[in-house]
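Following the numbering used here, the numbering of the sequence shown begins with 19 at its first residue and continues without gaps. First up is the structure itself, then whatever we jot down about it.
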Amino acid sequence: LVPFRYQGQYEDVDTGLYYNRFRYYSPDMGMYISSDPIGLAGNNPTLYGYVEDVNSYLDLFGLEKCALSASDMKKMGPAPKNMYNPHRHHIVREHAPSNWSADARKWITDSQDIIAEVGIDLNSSIENFVWASNGLGNHSKKAAKTVYDELSKVRGNPEAIKETLGSLGEIFSGTGFK
């Protein structure tokens with residue numbers, strides 16, 4: 019078995035993690051397990067993220083900015099002090115890891131469609147963001163399915179969708195989806 023993965027990542031078969039020069043990447047979670055070594059210098063809302071589309075997205079220096087406006091970031095306030103590894107978290111995800119099934123990826127794209135239908139932008143509407151801990155299953159299939167199931171129940175109702183995003187946000191920022 020060849021231990022090399024995408025872009026020179028080296029698979030550690032004992033842990034199931036991929037080593038990528040400065041940190042480890044979890045293909046199951048679709049994110050890094052340690053923070054970006056340049057920290058907040060890149061103005062990235064998550065220090066643990068990976069690019070959305072690895073085939074067309076290029077950010078050589080990791081300095082791409084978050085689409086959430088500075089005023090909305092200010093409205094969110096600072097990260098909660100008691101939260102472990104907090105980040106501004108999308109309630110409806112931007113993408114699914116490529117190793118997820120077609121059905122699991124569809125939960126995400128359908129959820130994106132549901133919020134777009136009522137004018138909530140995936141990347142720039144504050145309704146789709148919440149402070150959340152990295153881990154706790156927040157980037158899992160279970161979380162993606164729950165988001166899809168709950169939004170599907172209120173599809174087409176802008177106020178109910180905003181309320182549902184708020185309720186889901188409470189789960190993401192609290193106990194998570196473990």
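For every residue, glycine included, the Cβ atom is placed at its ideal position computed from N, Cα and C. If you're wondering where the values come from, they're calculated on a predicted model, not measured in any experiment.
Determine which residues share a DSSP beta bridge with residue i and list them.
i: residue 41; result: 38
i: residue 29; result: 36
i: residue 108; result: 147
Using a Cβ-Cβ cutoff of less than 6 Å, which residues in the same chain neighbour residue i once the five nearest sequence positions on both sides are dropped?
i: residue 154; result: 194, 196
i: residue 125; result: 162, 163, 166
i: residue 183; result: 109, 145
i: residue 191; result: 148, 149, 150
On the three-state DSSP scale, how would you describe residue i?
i: residue 149; result: strand
i: residue 102; result: coil
i: residue 47; result: coil
i: residue 165; result: helix
i: residue 171; result: helix
i: residue 128; result: helix
i: residue 138; result: coil
i: residue 196; result: coil
Which same chain residues end up closer than 7 Å to residue i when comparing Cβ atoms and leaving out the 5 residues on each side of it in sequence?
i: residue 120; result: none
i: residue 180; result: 145
i: residue 122; result: 114, 159, 162
I want to see whether chain C comes within less than 7 Å of residue i, judged by CB atoms only; does it?
i: residue 107; result: Judged by its chain identifiers, the structure shown contains no chain C, having just a single protein chain.
Which residues in the same chain as residue i place their Cβ atom closer than 8 Å to its Cβ, once the five residues preceding and following it in sequence are excluded?
i: residue 34; result: 44, 45, 46
Check for me: the alpha helix (DSSP H) holding residue i runs from which residue to which?
i: residue 184; result: 176-191
i: residue 118; result: From DSSP, residue 118 is part of no alpha helix (DSSP H); its letter is neither H nor E.
i: residue 93; result: 88-94
| task | Check whether the segment 164-176 touches the segment 118-135, taking contact to mean three or more Cβ pairs, one atom from each stretch, closer than 8 Å. | result | yes
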